[in-house]
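Read the structure below first, then the notes.
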Amino acid sequence: MVFDFDGVLVDGMREYWWSARRAALRLAQPSRAPQLELPETAPAGFVQLRPLIHKGWEMVLMAAELGRPDLDLPVLLGDYAAALPGALERWGWSPAVLQQALESVRAEAIAGDRAAWLGLHRFYPGVPERLARLAAEGADWAVLTTKGGAFAAELLASAALVPLDLFGHEQGEKAEVLLRLRQGQRPLWFVEDRRPTLERVRATPGLEAVRCYLASWGYLAPGDRHGLAEAGIRWMEPESFAAPLAHWP
Ligand SMILES: [Mg+2]
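Numbering follows our numbering, with no gaps: position 30 of the sequence shown is 61.
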């Protein structure tokens with residue numbers, strides 16, 4: 032049993048904006064952005080972009096983009112992946128610099144006021160209880176996230192949850208980690224809220240046997256839930272998640 036973290040176990044929308052905004056403001060050079068101003072609470076565009084965002088550094092880049100008076104949000108939403116290189120160029124940033132800034136902001140927040148940082152997140156209702164019951168069903172569970180592993184570990188510890196394993200972005204792409212786990216020949220069920228990630232898993236040789244679930248309660252883009260069966264992806268609603276494993280779709 033392998034779970035994505037953000038959008039499956041934890042809703043951290045307030046924190047994503049909080050930390051992405053701070054990191055963007057810290058990095059923005061006056062020469063490139065005379066006056067980057069970003070609101071304290073997440074703008075609607077950030078919430079719309081979240082289902083498309085793959086890695087943490089992209090959140091920082093999108094925060095900066097949302098501060099552009101001339102941003103064409105529908106165009107960005109319409110072809111998100113294609114817009115990333117141009118946005119990096121515009122700001123003069125690399126993914127590594129953005130990721131470092133994001134993780135510095137988070138590390139400082141935890142060191143400064145851990146409770147306040149944790150308070151920007153919430154576990155989805157029933158999730159901690161369900162995870163605790165998995166052990167009783169004889170199922171090991173692991174977390175596979177594009178977040179820094181240390182930050183997911185903080186949040187899991189705050190709920191007294193102990194996964195068998197925790198894989199952060201430091202361990203590589205999700206499909207690569209799943210391939211390593213498949214070497215154990217054990218059945219793998221993967222619950223994720225980003226459809227392109229599940230499609231990537233489905234298209235990866237060696238991962239045909241991984242059972243892929245799209246979490247209905249996560250950060251989904253419009254249309255994500257359509258045509259799932261044809262894509263070999265199962266739809267997971269909270270009621271199914273709460274049910275015994277034998278009753279999962
Ligand atoms: Mg997710």
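Even glycine gets a Cβ: it sits at the ideal position worked out from N, Cα and C.
Note that the structure is predicted; figures quoted are calculated from it, not measured.
{"Check": "Determine the extent of the alpha helix (DSSP H) in which Y155 is found, giving its start and end residues.", "Outcome": "Careful: Y155 lies outside any alpha helix (DSSP H) and carries neither H nor E."}
{"Check": "May I have a chain-ordered list of the alpha helix (DSSP H) segments no shorter than 4 residues that lie completely inside the segment 72-100?", "Outcome": "75-80, 87-97"}
{"Check": "Just to check, is the beta-carbon of D255 closer than 6 angstroms to a non-hydrogen atom of ligand 2?", "Outcome": "Among the ligands modelled here, namely ligand 1, ligand 2 does not occur."}
{"Check": "Compute the beta-carbon to beta-carbon distance between R20 and L238, rounded to the nearest angstrom, for a pair I have assumed lies under 8 angstroms.", "Outcome": "Residue 20 lies beyond the residue range present for the chain, which begins at 32 and ends at 280; the question has no answer from this structure."}
{"Check": "Could you have a look at E223 and say whether DSSP puts it in helix, strand or coil?", "Outcome": "strand"}
{"Check": "For Q174, which residues does DSSP report across the bridge?", "Outcome": "The sequence shown places Val at residue 174, not Gln. The partner list for V174 (beta bridge, DSSP) reads F34, L197."}
{"Check": "Quick one: measure Cβ to Cβ for W248 and V33, integer angstroms, because I've assumed they're closer than 8 angstroms.", "Outcome": "No, W248 and V33 are not in contact; Cβ-Cβ is about 17 angstroms, not under 8 angstroms."}
{"Check": "Span of the beta strand (DSSP E) holding Y111?", "Outcome": "Taken as a continuous stretch (DSSP letters only), Y111 belongs to no beta strand (DSSP E), being part of the alpha helix (DSSP H) at 111-122."}
{"Check": "Whose C-beta lies closer than 6 angstroms to the C-beta of P194 among residues of the same chain, with five residues either side of it excluded?", "Outcome": "W172, A173, V174"}
{"Check": "Rounded to whole angstroms, what is the Cα-Cα separation between L92 and M267?", "Outcome": "31 angstroms"}
{"Check": "Between K178 and H278, what straight-line distance do the alpha-carbon atoms span, to the nearest angstrom?", "Outcome": "30 angstroms"}
{"Check": "Mind checking A94: buried by the 16 CB within 10 Å criterion, or exposed?", "Outcome": "buried"}
{"Check": "I need the boundaries of the alpha helix (DSSP H) containing L186, first residue and last residue.", "Outcome": "180-189"}
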